[in-house]
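A.B. asks:
Residue numbers (the UniProt record's numbering): 1 to 289.
(1) Secondary structure at residue 257, three-state DSSP: helix, strand or coil?
(2) Could you give the first and the last residue of the continuous alpha helix (DSSP H) run that contains residue 226?
(3) My output table needs one value for residue 177: the three-state DSSP class, helix, strand or coil.
(4) Terminal residues of the continuous alpha helix (DSSP H) containing residue 137?
(5) Identify, in the order they occur along the chain, each residue of the same chain with its Cβ nearer than 6 Å to the Cβ of residue 141, setting aside the five sequence neighbours on each side.
(6) Quick one: measure Cβ to Cβ for residue 45 and residue 163, integer angstroms, because I've assumed they're closer than 8 Å.
(7) For residue 191, which residues of its own chain have a beta-carbon under 8 Å away from its beta-carbon, when the five flanking residues on both sides are left out?
(8) Beta carbon of residue 234, beta carbon of residue 146: below 8 Å?
(9) Quick check on the burial criterion: 16 or more other C-beta atoms within 10 angstroms. Buried or exposed for residue 128?
(10) Taking residue 207 and residue 69 to be in contact with their CB atoms under 8 Å, please state how far apart those CB atoms are, rounded to whole angstroms.
(11) Look at the alpha carbon of residue 245 and the alpha carbon of residue 54, and state the distance between them as a whole number of angstroms.
(12) Under a three-way DSSP split, which group does residue 92 fall into?
Here's what the structure looks like:
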């Protein structure tokens with residue numbers, strides 16, 4: 001066993017070094033998009049914190065999901081968060097698996113560039129909707145009588161910009177339509193569905209997405225409408241982005257260069273067929289001459 005470890009360790013470090021070199025070159029090329037994606041995550045958090053100042057607690061609205069799903073209670077509110085953290089962490093690990101895996105299927109930087117575009121488009125719509133109409137929050141800390149349901153006006157700009165992290169994120173109110181947790185979950189699951197290779201993981205991921213949605217409602221963190229709107233909005237946004245984002249563009253004119261954005265299996269097959277047909281046409285033209 002020690003001999004095997006000693007023999008494989010240098011290969012692993014070479015693999016990590018090679019991948020880090022490639023990803024580093026991609027990051028140097030795409031750093032503006034990556035930085036913009038990270039900055040927008042802060043802007044989204046800033047907007048969610050800002051709408052808390054406008055939140056006014058009131059009676060919980062009538063909701064079909066609340067009638068159907070039994071209430072988990074405050075002591076079990078962690079269950080939905082545990083599922084979300086599992087999905088979130090698993091996706092991050094998968095995006096970095098090329099650093100240790102022998103079969104490279106994706107580029108980490110390019111995957112995250114695409115994910116940031118999905119998130120920014122979905123979160124932009126979310127910011128518009130929860131600022132347009134503020135609903136009384138169904139979560140326990142957002143109900144009437146809770147000290148966290150309303151927050152006093154900010155004393156200075158710095159208080160707003162710091163978004164009271166992390167309490168401002170955990171105990172926010174007013175940013176309801178539509179669910180941020182569901183945005184992240186669907187973006188991660190659909191991205192793996194498109195670029196992942198393990199079918200059983202795809203099935204498990206979709207099952208976890210459904211379970212998490214039900215747990216969010218059962219935990220009274222969101223109304224059912226927040227989850228329903230998130231499901232069709234995020235899927236439509238991703239469909240639109242995929243139709244507009246140049247999936248087949250090359251990094252350079254060289255035939256051996258890495259694609260600008262990762263190709264799905266279906267797109268790769270279509271690309272191979274197109275290249276093959278083009279070569280046949282070129283040969284036929286040459287024969288004709």
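We treat Cβ as the ideally placed atom computed from N, Cα and C, and that holds for glycine.
C.D. replies: From the atom records:
(1) Only weak support is given to the placement of residue 257: the predicted model assigns it a pLDDT of 42, under 50, and the question is left unresolved by the model.
(2) Note, residue 226: alpha helix (DSSP H), 224-244.
(3) Residue 177: coil per DSSP, three-state reduction.
(4) Residue 137 -> no alpha helix (DSSP H), and no H or E assigned at all.
(5) The answer, listed in chain order, is 148 and 171.
(6) At roughly 5 Å, the Cβ-Cβ gap stays under 8 Å, so residue 45 and residue 163 are in contact.
(7) Excluding positions up to five away in sequence, the list reads 91, 111, 114, 115 and 118.
(8) No, these two residues do not count as a Cβ contact at 8 Å.
(9) Burial call: exposed.
(10) So it is not a contact: roughly 17 Å between Cβ atoms.
(11) Approximately 36 Å between the Cα atoms of the pair.
(12) In this structure, residue 92 counts as helix in the three-state DSSP scheme.
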